[in-house]
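To start, the structure under review is shown below, and the notes come after it.
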Amino acid sequence: MSKLPIGSLLQVCSDIHLDYGDISPSEFSKIVEPRAQILVLAGDIGNPFTEIYEQFMQYCSERFECVLYVAGNHEYYKHKHSISQTNHQIYEVLHKFSNVHFLNNNVFEYEGIAFIGTTLWSQIGDEMGPAQLYYMNDFRTINGFSPLVSNYLFKNNLSFITTTLDKYEVCIIITHHAPSMKCISDDYLGDKLNCCFATDLEYLFEHPHMMGWIYGHTHHNYKDMGERAFLYGNCYRAPNYVNGAFL
Numbered sequence: 001m002s003k004l005p006i007g008s009l010l011q012v013c014s015d016i017h018l019d020y021g022d023i024s025p026s027e028f029s030k031i032v033e034p035r036a037q038i039l040v041l042a043g044d045i046g047n048p049f050t051e052i053y054e055q056f057m058q059y060c061s062e063r064f065e066c067v068l069y070v071a072g073n074h075e076y077y078k079h080k081h082s083i084s085q086t087n088h089q090i091y092e093v094l095h096k097f098s099n100v101h102f103l104n105n106n107v108f109e110y111e112g113i114a115f116i117g118t119t120l121w122s123q124i125g126d127e128m129g130p131a132q133l134y135y136m137n138d139f140r141t142i143n144g145f146s147p148l149v150s151n152y153l154f155k156n157n158l159s160f161i162t163t164t165l166d167k168y169e170v171c172i173i174i175t176h177h178a179p180s181m182k183c184i185s186d187d188y189l190g191d192k193l194n195c196c197f198a199t200d201l202e203y204l205f206e207h208p209h210m211m212g213w214i215y216g217h218t219h220h221n222y223k224d225m226g227e228r229a230f231l232y233g234n235c236y237r238a239p240n241y242v243n244g245a246f247l
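Here the sequence shown is numbered in full-length UniProt numbering, starting from 1 and rising by one per residue.
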């Protein structure tokens with residue numbers, strides 16, 4: 001498909017990890033300084049049951065025309081609430097800000113572009129044994145989470161993406177988990193845990209309605225404008241994070 005002039009339209013950020021406790025509200029501008037119309041938050045922003053999470057969302061709401069947000073796995077970490085209860089909490093917080101949109105298998109349309117948003121949970125392969133799974137925190141820190149649940153959610157999220165791509169002429173996909181092994185650092189080539197961070201969905205970039213894909217999660221920032229569609233990640237905790245507009 002032909003490219004649209006989206007320079008200065010999008011600003012992307014993910015993996016802020018307010019839950020680490022090393023960021024104060026006075027530092028928000030160092031993370032996101034508004035330089036575009038739309039801010040895309042591609043997950044792992046923080047714990048939605050905390051005050052600083054709401055403070056950050058308010059900061060973003062006041063500085064961008066609209067904010068598009070998908071949850072990462074860390075939104076569900078280290079509290080007693082289930083995934084569905086946490087999603088409800090996110091909706092409760094973001095309901096206070098009319099221009100902040102939680103894309104949890106949802107679409108947001110803006111000037112002819114359909115932003116398709118979902119977490120895209122991991123597809124856990126049979127090669128992942130108990131020893132490997134032990135080192136993936138998701139299965140120890142998310143209430144009620146397991147490889148079976150992850151695979152169910154993955155199929156649900158992927159089905160939503162593929163069916164929605166057919167419905168809109170120009171689409172940008174926003175997920176937390178990555179759609180290509182290119183999004184993983186070369187330092188982890190061949191690592192058995194890679195399926196917990198990315199799934200090879202590069203065939204979807206050939207879809208005639210695909211304009212691009214924004215991801216987070218891997219803490220490896222990657223930008224490929226491609227011939228047909230772009231692939232872009234901009235994780236705050238990565239060393240080459242860009243606090244500015246995309247394109």
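Backbone N, C-alpha and C fix where the C-beta goes; we use that ideal spot for every residue, glycine too.
Helix, strand or coil at residue i according to DSSP, with G and I counted as helix
i: residue 289; result: Because the chain is modelled from 1 through 247, residue 289 falls outside the range shown and cannot be assessed.
i: Val32; result: coil
i: Ile221; result: Looking at the sequence itself, residue 221 is Asn, so the reference to Ile does not match. DSSP places Asn221 in coil when its eight states are reduced to three.
i: Asn73; result: helix
i: residue 248; result: The requested residue 248 is not part of the displayed model; the chain covers only 1 to 247.
i: Met1; result: Note on Met1: pLDDT 49, under 50, position unreliable in the model; the coordinate value appears next. Here Met1 sits in coil by DSSP.
i: Glu127; result: coil
i: Leu18; result: helix
i: Ile23; result: coil
i: Val242; result: coil
i: Glu227; result: coil
i: His207; result: coil
Residue nearest to residue i in terms of C-alpha spacing, selected from the options
i: Leu133; options: Phe197, Ile174, Phe230 and Leu189; result: Phe197
i: Phe28; options: Cys60, Met210, Gln37 and Leu231; result: Cys60
i: Cys66; options: Tyr110, Ala42 and Lys78; result: Tyr110
i: Gly72; options: Ile83, Leu158, Arg140 and Ser8; result: Ile83
i: Phe160; options: Leu120, Asn194 and Ile23; result: Leu120
i: Thr50; options: Phe102, Lys30, Ala36 and Ile23; result: Ile23
i: His17; options: Gln37, Phe139, Arg237 and His95; result: Arg237
i: Ser98; options: Gly112, Cys13, Gly117 and Gln58; result: Gln58
i: His217; options: Met211, Met210, Asp224 and Cys195; result: Cys195
i: Ala42; options: Ile124, Tyr241 and Tyr215; result: Tyr215
i: Lys182; options: Ala245, Met211, Met210 and Met225; result: Met225
i: Ser122; options: Phe108, Ser146, Ala114 and Gly112; result: Ser146
Below-9 Å beta-carbon distance, residue i vs any chain B residue
i: Gly46; result: The structure shown contains no chain B; it holds only a single protein chain.
Which residues DSSP lists as bridging residue i, in chain order
i: Phe102; result: Tyr69
i: Cys13; result: Leu41
i: Gly212; result: Ile172 and Phe230
i: Phe115; result: Phe108 and Ile172
Counting Cβ pairs, one atom from each stretch, are 3 or more of them under 8 Å apart for the region 132-149 and the region 172-189? When Cβ pairs closer than 8 Å are counted between the two stretches, the region 132-149 is seen not to touch the region 172-189, the count staying below three.
Assess, as a yes-or-no matter, whether the region 225-233 is touched by the region 198-208 under the definition of 3 or more beta carbon pairs within less than 8 Å. Pairwise C-beta distances place the region 198-208 in contact with the region 225-233, as three or more of them are shorter than 8 Å.
Between the region 159-167 and the region 82-97, do three or more beta carbon pairs fall short of 8 Å? Per the Cβ contact rule, the region 159-167 is not in contact with the region 82-97 (fewer than 3 Cβ pairs under 8 Å).
For a minimum of 4 consecutive residues, which ranges assigned as the alpha helix (DSSP H) are wholly contained in the region 136-168? 138-141 and 147-165, all fully within the region 136-168.
Three-pair Cβ contact test at 8 Å for the region 93-101 versus the region 138-147: No, because fewer than three Cβ pairs between the region 93-101 and the region 138-147 fall closer than 8 Å, the two stretches do not touch.
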